[in-house]
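Participant: First the structure, then my questions, so here it is.
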Amino acid sequence: MITTINPATEEIIAEFSTMNADDLEQVLSLSCSDQISWKLCDFAERGRLMKRLAELLRLQKEEHAVLISREMGKPFAQAVAEVVKSSWVCDYYADSAERMLQPEEHDLDGQRGMVKFEPLGLVLGIMPWNFPFWQVFRFAVPAIMAGNGVIVKHSPNVTGSAVAIEKLFRDAGFPEHLYRTVHIAPDEVD
């Protein structure tokens, strides 16, 4: 069980069940399937969904800022700024990823070479508590725009933020398992 506690009042905010090995295996399997389909989506579709995610962040900034403040004690104005900054990274990569990921031709001592940028598959991010939205978005957004799926193991004391971020990706229209949060103990990440 993961319990989130308001550091200012010491009140319990929420409790979350941890995942067992079977739960984790199912998340990985479903995420892998969604990523295989996602990598075939064109940049226009990826960008459209990312723009929607940015819009949702801006529309819900106060709601998410309250959660951030309650879970980790950040002043409300700073929490709002963190959510807004997270929306900017969504807009930036929605507008720039296609250009950034174009194949590059190189002349290598008279030989032609090419660098192609291809998705890796599923990528894991282990996130800290101090910027519960920004750290996730700065990692997940470019990875997803590049065609990858994302699994996040967030700090336990901001599990509510982790759940909220997962919901934002779904509400924006991304495949259900393309971005997932896993609720496991730190020693289980290995």
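Using our numbering, the first residue of the sequence shown is number 56, and each one after it goes up by one.
Note that CB positions come from ideal geometry on N, CA and C, so glycine has one too.
1) Quick one: Cα of Y148 to Cα of P197, how far?
2) Return the CA-CA distance between D146 and K106, expressed in angstroms with no decimal places.
3) Among G168, E117, V218 and A132, which has the Cα closest to the Cα of V69?
4) Look at Q90 and G204 and say whether their C-beta atoms are less than 7 angstroms apart.
5) Helix, strand or coil: which one does DSSP assign to A175?
6) Using only alpha-carbon positions, find the residue among D226, S86 and V207 that is nearest to V244.
7) If you draw a straight line from the C-alpha of P183 to the C-alpha of D77, how long is it?
8) Output the distance between the C-alpha atoms of T59 and R154, rounded to the nearest integer angstrom.
9) When you compare the region 210–228 with the region 108–124, are there three or more beta-carbon pairs, one atom per stretch, that lie closer than 8 angstroms?
10) Pair every Cβ in the region 188–195 with every Cβ in the region 161–175, then say whether three or more of these pairs are closer than 8 angstroms.
11) Assess contact between the region 231–242 and the region 124–139, defined as three or more Cβ pairs (one per stretch) separated by less than 8 angstroms. Is contact present?
Facilitator: Reading it off the structure:
1) Locating residue 148 in the sequence shown gives position 93, where the first residue counts as 1. Locating residue 197 in the sequence shown gives position 142, where the first residue counts as 1. Whole-angstrom Cα-Cα distance: 6 angstroms.
2) Within the sequence shown, the letter at position 91 stands for residue 146. Within the sequence shown, the letter at position 51 stands for residue 106. Straight-line Cα distance between these residues: approximately 6 angstroms.
3) Taking the first residue of the sequence shown as 1, we reach residue 69 at position 14. A small fix is needed here, since residue 69 is Ala in this sequence, not Val. Among G168, E117, V218 and A132, the Cα nearest to that of A69 is on V218.
4) For this step, residue 90 is matched to residue 35 along the sequence shown. For this step, residue 204 is matched to residue 149 along the sequence shown. Closer than 7 angstroms, so yes.
5) As a working mapping, residue 175 is identified with position 120 in the sequence shown. A small correction: the amino acid at residue 175 is Leu; Ala does not occupy that position in the sequence shown. Annotated three-state conformation of L175 is coil, per DSSP.
6) Along the sequence shown, one-based indexing puts residue 244 at 189. Comparing Cα-Cα distances from V244 to each of D226, S86 and V207, the minimum goes to V207.
7) As a first step, residue 183 must be located in the sequence shown, where it is residue number 128. As a first step, residue 77 must be located in the sequence shown, where it is residue number 22. Looking at the two C-alpha atoms, the distance is approximately 25 angstroms.
8) Here residue 59 is taken as the residue at index 4 of the sequence shown, counted from 1. Here residue 154 is taken as the residue at index 99 of the sequence shown, counted from 1. Linking T59 to R154 through their CA atoms gives a straight-line distance of about 41 angstroms.
9) Touching, yes.
10) Contact between the region 188–195 and the region 161–175 is absent: fewer than three C-beta pairs spanning the two stretches fall below 8 angstroms.
11) No contact exists between the region 231–242 and the region 124–139.
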